[in-house]
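*Asks:* For the sequence shown, the residue numbers in the UniProt record's numbering are 1 to 127.
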Amino acid sequence: MTGKSVKDVDRFQAVLNSLLALEENKYCADCESKAGPRWASWNLGIFVCIRCAGIHRNLGVHISKVKSVNLDQWTQEQVQSVQEMGNAKAKRLYEAFLPKCFQRPESDQSAEIFIRDKYDKKKYMDK
Numbered sequence: 001m002t003g004k005s006v007k008d009v010d011r012f013q014a015v016l017n018s019l020l021a022l023e024e025n026k027y028c029a030d031c032e033s034k035a036g037p038r039w040a041s042w043n044l045g046i047f048v049c050i051r052c053a054g055i056h057r058n059l060g061v062h063i064s065k066v067k068s069v070n071l072d073q074w075t076q077e078q079v080q081s082v083q084e085m086g087n088a089k090a091k092r093l094y095e096a097f098l099p100k101c102f103q104r105p106e107s108d109q110s111a112e113i114f115i116r117d118k119y120d121k122k123k124y125m126d127k
């Protein structure tokens, strides 16, 4: 292992699993799918579904850095980022001015527009 012991990897995985067990992280931060997010944008501190993870990857790493919760190895910094934010806190930050009547996107195209507006353009943030 490069720089991380098996003990660290196991500890980080346990932390990630405990974060995913929290009610706020049991749904995708963007489309609110209850399919159980297994992906995260660690720099944004959110957990997302596989579809939204693909969209986040398309945003570029200057906006969103995506990792699998189970398949990738995590660093202390990455785990700490999702610990400090989480889906509920991110929602308050990135969706502060999302219209109350907003319908979550269902199609891939509308999801991509919403995610780009939310994180790249910061359209719904309190400025």
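Note that the Cβ used here is the ideal one computed from N, Cα and C, for glycine as well. For clarity, every value in this text was computed on a predicted model and none was experimentally measured.
Taking F97 as part of the beta strand (DSSP E), name the residues at either end of that continuous run.
*Replies:* On the sequence shown, residue 97 is found 97 positions in, with the first residue counted as 1. From DSSP, F97 is part of no beta strand (DSSP E); its letter is neither H nor E.
*Asks:* Looking at W42 and S68, is the spacing between their C-beta atoms short of 7 angstroms?
*Replies:* Residue 68 sits at position 68 when you count from the first residue of the sequence shown. Residue 42 sits at position 42 when you count from the first residue of the sequence shown. Against a cut-off of 7 angstroms, the Cβ pair of W42 and S68 comes out as no contact.
*Asks:* Given this structure, state the Cα-to-Cα distance separating S64 from E106, to the nearest angstrom.
*Replies:* As a first step, residue 64 must be located in the sequence shown, where it is residue number 64. As a first step, residue 106 must be located in the sequence shown, where it is residue number 106. Going by the C-alpha atoms only, they are around 21 angstroms apart.
*Asks:* Here's the rule I'm using: 16 or more other beta-carbon atoms within 10 Å means buried, otherwise exposed. How should C49 be labelled?
*Replies:* For the purposes of this step, residue 49 is taken as the residue at position 49 of the sequence shown. Buried, by the Cβ-count rule.
*Asks:* Would DSSP call S33 helix, strand or coil?
*Replies:* In the sequence shown, counting from the first residue as 1, residue 33 sits at position 33. If DSSP states are grouped into helix, strand and coil, S33 belongs with coil.
*Asks:* Return helix, strand or coil for I63, following the three-state DSSP convention.
*Replies:* On the sequence shown, position 63 is the one that residue 63 refers to. The answer is coil: DSSP assigns I63 none of H, G, I, E or B.
*Asks:* Pick helix, strand or coil for A40, following the three-state DSSP scheme.
*Replies:* What you label residue 40 is simply residue 40 of the sequence shown in a count that begins at 1. Correct three-state label for A40: strand.
*Asks:* Smallest Cα separation from residue 131: which of E84, L44 and E23?
*Replies:* Here the chain comprises residues numbered 1 to 127, so residue 131 is not present and cannot be evaluated.
*Asks:* Sort out for me which residues DSSP pairs F47 with in a bridge.
*Replies:* In the sequence shown, counting from the first residue as 1, residue 47 sits at position 47. Beta bridge pairing from DSSP links F47 with A40.
*Asks:* Count the CB pairs spanning the region 47-62 and the region 101-121 that are closer than 8 angstroms, and state whether there are at least three.
*Replies:* yes
*Asks:* Is S68 helix, strand or coil by DSSP?
*Replies:* As a position in the sequence shown, residue 68 is number 68, starting the count at 1. In the structure shown, S68 sits in a strand (DSSP, three-state: E or B).
*Asks:* Taking its Cβ as the centre, do 16 or more other Cβ atoms sit within 10 Å of N87, making it buried, or is it exposed?
*Replies:* For the purposes of this step, residue 87 is taken as residue 87 along the sequence shown, with counting starting at 1. Classification for N87: buried.
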